[in-house]
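Peer 1:
Number of protein chains: 4
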Amino acid sequence: MASNSFGTIFRITTWGESHGKAVGVVIDGCPAGLHLNEAEIHEALTLRAPGRSIYTSPRKESDRAEILSGVFEGMTTGAPISILIPNQDVDSSKYEPIKDLLRPGHANFTYLKKFGVFDYRGGGRSSARETVCRVAAGVVAKKLLAQDAIEIAAYLKQVGNVEASIPDHDHDTLRSTVYQSPVYCPDATAASAVMTLLEKALVEGDSLGGVVEFRTTSLPIGLGDPVYEKLEAKLASAMMSLPATKGFEIGSGFSAVEMKGSTHNDQFANKQGKIEITSNYAGGTLGGISTGMPIIGRVAFKPTSSIMLSQKTVNTKGKAFTFQLPPGSRHDPCVAIRAVPIVEAMVALVLADAILLNRCARL
Amino acid sequence: MASNSFGTIFRITTWGESHGKAVGVVIDGCPAGLHLNEAEIHEALTLRAPGRSIYTSPRKESDRAEILSGVFEGMTTGAPISILIPNQDVDSSKYEPIKDLLRPGHANFTYLKKFGVFDYRGGGRSSARETVCRVAAGVVAKKLLAQDAIEIAAYLKQVGNVEASIPDHDHDTLRSTVYQSPVYCPDATAASAVMTLLEKALVEGDSLGGVVEFRTTSLPIGLGDPVYEKLEAKLASAMMSLPATKGFEIGSGFSAVEMKGSTHNDQFANKQGKIEITSNYAGGTLGGISTGMPIIGRVAFKPTSSIMLSQKTVNTKGKAFTFQLPPGSRHDPCVAIRAVPIVEAMVALVLADAILLNRCARL
Amino acid sequence: MASNSFGTIFRITTWGESHGKAVGVVIDGCPAGLHLNEAEIHEALTLRAPGRSIYTSPRKESDRAEILSGVFEGMTTGAPISILIPNQDVDSSKYEPIKDLLRPGHANFTYLKKFGVFDYRGGGRSSARETVCRVAAGVVAKKLLAQDAIEIAAYLKQVGNVEASIPDHDHDTLRSTVYQSPVYCPDATAASAVMTLLEKALVEGDSLGGVVEFRTTSLPIGLGDPVYEKLEAKLASAMMSLPATKGFEIGSGFSAVEMKGSTHNDQFANKQGKIEITSNYAGGTLGGISTGMPIIGRVAFKPTSSIMLSQKTVNTKGKAFTFQLPPGSRHDPCVAIRAVPIVEAMVALVLADAILLNRCARL
Amino acid sequence: MASNSFGTIFRITTWGESHGKAVGVVIDGCPAGLHLNEAEIHEALTLRAPGRSIYTSPRKESDRAEILSGVFEGMTTGAPISILIPNQDVDSSKYEPIKDLLRPGHANFTYLKKFGVFDYRGGGRSSARETVCRVAAGVVAKKLLAQDAIEIAAYLKQVGNVEASIPDHDHDTLRSTVYQSPVYCPDATAASAVMTLLEKALVEGDSLGGVVEFRTTSLPIGLGDPVYEKLEAKLASAMMSLPATKGFEIGSGFSAVEMKGSTHNDQFANKQGKIEITSNYAGGTLGGISTGMPIIGRVAFKPTSSIMLSQKTVNTKGKAFTFQLPPGSRHDPCVAIRAVPIVEAMVALVLADAILLNRCARL
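Protein chains in written order, with this note's numbering: chain A, 1 to 363; chain B, 364 to 726; chain C, 727 to 1089; chain D, 1090 to 1452.
#1: Write down every uninterrupted run of the beta strand (DSSP E) in the stretch 874-900 of chain C whose length is 3 residues or greater and which is fully enclosed by it, in chain order.
#2: Counting contacts by CB-CB distance shorter than 8 Å, is His-627/B in contact with chain A?
#3: Does DSSP put Leu-349/A in a helix, in a strand, or in coil?
#4: Is it buried or exposed, Leu-219/A, if we count other Cβ atoms within 10 angstroms and call 16 or more buried?
#5: Locate the beta strand (DSSP E) running through Asn-996/C, then write down its first and last residues.
#6: Applying the criterion that 16 or more other CB atoms from any shown protein chain within 10 Å of the CB defines a buried residue, is Gln-1247/D buried or exposed?
#7: So Val-139/A is in the alpha helix (DSSP H); what residue range does that whole segment cover?
#8: For Ile-355/A, name the three-state secondary structure that DSSP assigns.
#9: Alpha carbon to alpha carbon, how far is Glu-1127/D from Ala-1121/D?
#10: Does DSSP put Ser-364/A in a helix, in a strand, or in coil?
#11: Quick check on this structure: which residue in Ser-779/C, Pro-830/C, Ile-793/C, Phe-736/C has the alpha carbon closest to the alpha carbon of Ala-1358/D?
#12: Please determine, among Glu-612/B, Pro-606/B, Gly-437/B, His-382/B, the residue with the shortest C-alpha to C-alpha distance to Leu-594/B.
#13: Using a beta-carbon distance cut-off of less than 7 Å, what residues from the stretch 110-129 of chain A approach chain B?
#14: If we call anything under 8 Å between Cβ atoms a contact, is Val-1066/C one with Ala-862/C?
#15: Taking only the alpha-carbon atoms, compute the straight-line gap between Val-752/C and Gly-124/A and give it to the nearest angstrom.
#16: Could you tell me which of Asp-754/C, Thr-971/C, Gly-1009/C sits nearest to Ser-978/C, measuring between CA atoms?
#17: What is the residue span of the beta strand (DSSP E) that Lys-114/A lies within?
#18: Name, please, each residue of chain B whose Cβ falls closer than 7 Å to the Cβ of Ile-1098/D.
#19: So the beta strand (DSSP E) Ile-976/C belongs to, where does it begin and stop?
#20: Using the three-state DSSP reduction, which class does Pro-1067/C fall into: helix, strand or coil?
#21: Less than 8 Å between CB atoms is the rule here; does Leu-827/C satisfy it with respect to chain A?
#22: How about Ala-409/A and Ala-354/A: do their beta carbons lie closer than 8 Å?
#23: Is the stretch 915-926 of chain C close to the stretch 1377-1394 of chain D, with three or more CB pairs under 8 Å?
#24: Taking C-beta to C-beta, are His-42/A and Asn-87/A nearer than 8 Å?
#25: Rounding to the nearest angstrom, what Cα-Cα distance links Leu-827/C and Gln-1037/C in this structure?
#26: At 8 Å on the CB atoms, spell out the chain B contacts of Asp-1122/D, in chain order.
#27: Mind the definition here: the stretch 568-578 of chain B touches the stretch 619-638 of chain B only if three or more C-beta pairs lie below 8 Å; say whether that holds.
#28: Counting only Cβ-Cβ distances shorter than 9 Å, please list the residues of the stretch 917-946 of chain C near chain D, keeping chain order.
#29: When you check each C-beta in the stretch 793-813 of chain C against every C-beta of chain D, which residues fall closer than 7 Å?
#30: On the criterion of 16 or more Cβ atoms from any shown chain inside 10 Å, does Leu-934/C qualify as buried, or is it exposed?
#31: Give me, in chain order, the residues of the same chain whose beta-carbon lies closer than 8 Å to that of Ala-373/A; leave out the 5 immediate sequence neighbours on both sides.
#32: In terms of residues, what are the limits of the beta strand (DSSP E) holding Ser-1171/D?
#33: Would you mind reading off the limits of the beta strand (DSSP E) that contains Thr-322/A?
#34: Can you tell me the Cα-Cα spacing of Pro-1029/C and Ala-1235/D, whole angstroms?
#35: What is the DSSP secondary structure of Met-1164/D, counted as helix, strand or coil?
#36: Taking the alpha-carbon positions, what's the Thr-734/C to Cys-1086/C distance?
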């Protein structure tokens, strides 16, 4: 079924449960010749790690990735790259009392019904813990993108009704601004308002939704494939495979609905001998294929399902219960924040695959 | 690359250009034993056909699908089902004068850059003509869904700033109400306002964006697969593979951003001995797997790129031109309308595949 | 399931039953820029056609392939290439009386048990009629191979106990010698002996097995992929997907069993500054990847299952019957002969795909 | 490219180099509900391990597999099963002096040319070390087969010119007889002759080829899929993906070439109310779909490429050298012996996938 794999040529397969021994990813189809080391992966994992501020889950994971194969003398060999990340700080005992309760907003009900068995400890396979593998694989994908000078930045665009204005920085400045913010938001004013909202949510034991936006630098023209493998279709699939996502849009997105064609149609123009596009409502693709403009998209995240408030539910036998997380449980008041580096990684995975596939378009 | 295929087990491959001899679809992996005839496909194609009212393109296609294989004595055999739909009413001569111009909002620029050659007649492979194949395949998928009593309705939810209220009909009534409306909108008041907007756009030579919403009847629990093949990821990919789409959302979608977890978490309850979910902000899935509730989603369509207004552009060599469609050219003022049966078909294709894959989840 | 598709990037999907309206193939992933016309396909189909001599089935098929998509102004566009070949000379009435009998050596039993329904007319989907689609697709694949100066010849190597000596011709001479022989055998003495065997078999109403051998010109080094996509694994899969095949071998094949490593290990040597391999027991690959030497392989075909002799069998309900083909029924006394151009086509399909995949091995 | 994956639904991905830290396999698509523990895997690995007798390589691997995911409370959960097997007894220093020499019969030349970089230590990814992962995954596949009472036995059929007669044992006795033999050959007389051959080869520093045969118990009817996913095509691909294989045949195999159709056509008969087939030249399939008879096939292995005799070769720059393995190097005089449990595992993987795919054939 390959439901734990993503990509066609540059293809990842992830495995591991939240409270198992480890999680990991196998990257198949990565070209030979990329320099790669564990320190680079560690650095990326740090950005995703919880516990960096009060605004994200206090779980202390100092994730150490181990490269088990596919790299020889510091260089990828074309062989599958196996990366293993041990699980640490795992205490499953607190899940014992609630293991038969259907958790509102969680997947234990659907997993149990589908498979007849569920590794309930920490959410098992349905946990966001799986995304650490995506971030690790994203490091390798970005190395491939760097060959074409493609870079990606993602950031927190909105939480609740607070929307950020994204400064008109060059790419590097934008990205460093993002990761200097405790909430991965490059607009300091909005970031401050978001932190206030999050503090209030923490006090209430409640949670908030958010939007993550991403943008790339100018892409090569021609990435993406016709019809069912349009670049936006792959991005949509990538994003909606992330836990807690409710929506994806590219370019103008849902706001296109209130626009007219005469406005929305980006114009082609000749700028100093080169064909350019003067606006980017399209968000970087036409007919599913990159136009050469930056790709811009947004992902909606629901408010975190894990909240400290008590909730009504039933157990697996239908008996009514009140669900209450034990005091001191870990949770993020807004999953969109830690999703920022994960969204980046998913964009990288989609583009790395698109670059390789595009080598086959012509003679 | 298989970029013209969709699905894993129930898998379609489409082919054909807008102004070629024909378009067609091969359905592989359809189980044996379904009753199928050409009249059923014809009926579905009629709903997609242009020219049903002034609100859609006046191109007169009375599409006749021919089943060339895979059906024996009225029943599917498990062999690939090949369906061919000849192109009619095709006059490519009017594309000749504009063949070197980059059409704003169209894919001729990206196709040409990617492949070095482009069948410009009617948009070739990038044309929405391809979607007739999806609708034909959707008929077969729906036959499979009918075995599990699954039905799907899609409808026009919004055009410009006019948003429809969807009546609380039973499924059959809803669907028939939709297709009785000239704009496939079950809210008569909104439909009327939409028609006014469209008439205005036609006079102006401009176009409008729109939202199509879909909902299914209650699904079996367990459709969809963990991690990268979440049901919403497949739906997102399906929808974003449609021409002119800019966004997809499921359940609460982007509105989840302004909600709190305590509200958004749908509750499990015991209703007369059966576990039920008392709201559906999730939109029918948890962890990517169907909860048993209806699947509800929305797709944003940009305003039609083909407009009658003149637009500035350049030709393939970068020379500035004014782009002007010849008088009497065909176009839809809002592609979202005719997208309604196409969205329905894509939901059906995703669910048919999910039903088959789900047979492999357990011993 | 995609069981009617072959290939990863250069991917074909075939459809159609022996006695249906038509058969056809969709080629997805063919690069843009290849010149292609229907006459070339027609020429290839002629080599596969029955009725060219008394040694093959007298069915008169003057197959005319129609290219329905993917070619614009004589050149491939990167879009799927749909080729349709109408079925002619089809009279299904003679299958009516035997439709409930299990035909020894045929697939009607297994198809019926698997699918619950079987299009028995002419063998339906299990018929060798399907291979016409492979030959048509092979023409396109060979066009791609020609870019790398790769050519393929196949020929009849053995029938019964008559084994041919293959002359040491250059590739073009070899191939033209093959197709001048009524039995596609480039050794005139062996060909003559084979014809005598076939004439005897025809008189007896019986059939014979055969071996088809293929060899390519020198390949680029590097085609094929590690582990599960070894070039020989793909060739094996390609050949064993042909009807009536019982075995595949590459290079030394089964004769390697009686060899020693010191003999079998082909040696590397420096020939005028270039690394060459001085023998080719390997058959052109090491570790599943092409060495630069010609690929050489052989395919075993069982004696044709359709024979004129009466045979004991039962019907679908288990009642004993004598199976007797109606007088004047079509059949090939040895399917290996007509398999020659089909084997060629399958080699071409495997190599075309390998060439494209190999573009992704390095930065 | 997924060249390190095998299977469609029941799908494995392997990783790891011979002298890296570990090798491993991820099994995706295994149904939930199978009992599984590490001891069972360990037992299977023992059968493949070298050093069990003087007839196989003296490398001492007491492989310990660790299940890292996908099993909860002793049962598979439907999540990917990650199995890791650390590499032990690894000393790469002896490869240092020969790292630039092209090894006759080995893949270092083709890997290096393809990828530009090669992990030469112990053959890296091209090493038979990879097959330990197949055996581990095969244990899980066999658990699924056991649900349908399918069992598989493989055994050494031939080495050099010594061919074994396979006793007419019941399946369990056959299999235990095989693994009691130091050369995995159930015919004691042949086994003895083989051992004599092997002892001679060891003294000479040379190696021998061999044939492994496999047979299953009676299969369910209907496994395998039409056209390109015929059961024999998948088995052929599975076997030819093994290192050192030169040929595959099913049922009569290449001997069919000298048979007549009247003999080769297995007959259907009514045996006590059940349709049975009275011979099995077909080897268990018709039209690529299982007939219900045992599957029988054979795999040809070339003589081991690693020999102790000195061989002429060149280095990567084309300079002539004599290649000589260091005294005391590990090698198997005949790889076919240790291939026996690996062939078994590959049959199991093919059948497990076929069983799952077959669930989708009908309504």
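All C-beta atoms in this analysis are idealised placements derived from N, C-alpha and C, irrespective of residue type, glycine included. Since the model is a prediction, treat every value here as computed from it, not as a measurement.
Peer 2: Quick answer:
#1: 878-885
#2: By this cut-off, His-627/B is an interface position.
#3: helix
#4: So Leu-219/A counts as buried.
#5: First-last of the beta strand (DSSP E) with Asn-996/C: 994-997.
#6: Taking all protein chains in view, the Cβ of Gln-1247/D is crowded by 16 or more other Cβ atoms within 10 Å, so the residue is classified as buried.
#7: 131-146
#8: helix
#9: Put simply, the backbone Cα of Glu-1127/D is about 17 Å away from that of Ala-1121/D.
#10: The requested residue 364/A is not part of the displayed model; chain A covers only 1 to 363.
#11: Pro-830/C
#12: Glu-612/B
#13: Thr-110, Tyr-111, Lys-113, Lys-114, Phe-115, Gly-116, Arg-125, Ser-126
#14: no
#15: 42 Å
#16: The shortest CA-to-CA distance from Ser-978/C to any of Asp-754/C, Thr-971/C, Gly-1009/C is the one to Gly-1009/C.
#17: Residue range 108-115 is occupied by the alpha helix (DSSP H) that includes Lys-114/A, with no beta strand (DSSP E) assigned at that position.
#18: Cys-723
#19: 971-976
#20: helix
#21: Not one chain A Cβ lies under 8 Å of Leu-827/C.
#22: Within the shown structure, residues of chain A are numbered from 1 to 363, placing residue 409/A beyond reach of any answer.
#23: By the Cβ test, the stretch 915-926 of chain C is not in contact with the stretch 1377-1394 of chain D, since fewer than three Cβ pairs between them sit closer than 8 Å.
#24: With contacts defined as CB atoms closer than 8 Å, His-42/A and Asn-87/A fail to qualify as a contacting pair.
#25: 11 Å
#26: According to the sequence shown, residue 1122/D is Gly rather than Asp. What Gly-1122/D touches in chain B: Arg-725, Leu-726.
#27: no
#28: Residues of the stretch 917-946 of chain C whose Cβ lies closer than 9 Å to any Cβ of chain D, in chain order: Ala-927, Glu-930, Gly-931, Asp-932, Ser-933, Leu-934, Gly-935, Gly-936, Val-937.
#29: none
#30: buried
#31: What the structure shows of chain A is the stretch from 1 to 363, and residue 373/A is not part of that stretch, so it cannot be assessed.
#32: 1170-1175
#33: Run containing Thr-322/A: 320-323, per the beta strand (DSSP E) assignment.
#34: 35 Å
#35: The answer is strand: DSSP assigns Met-1164/D an E or B state.
#36: 13 Å
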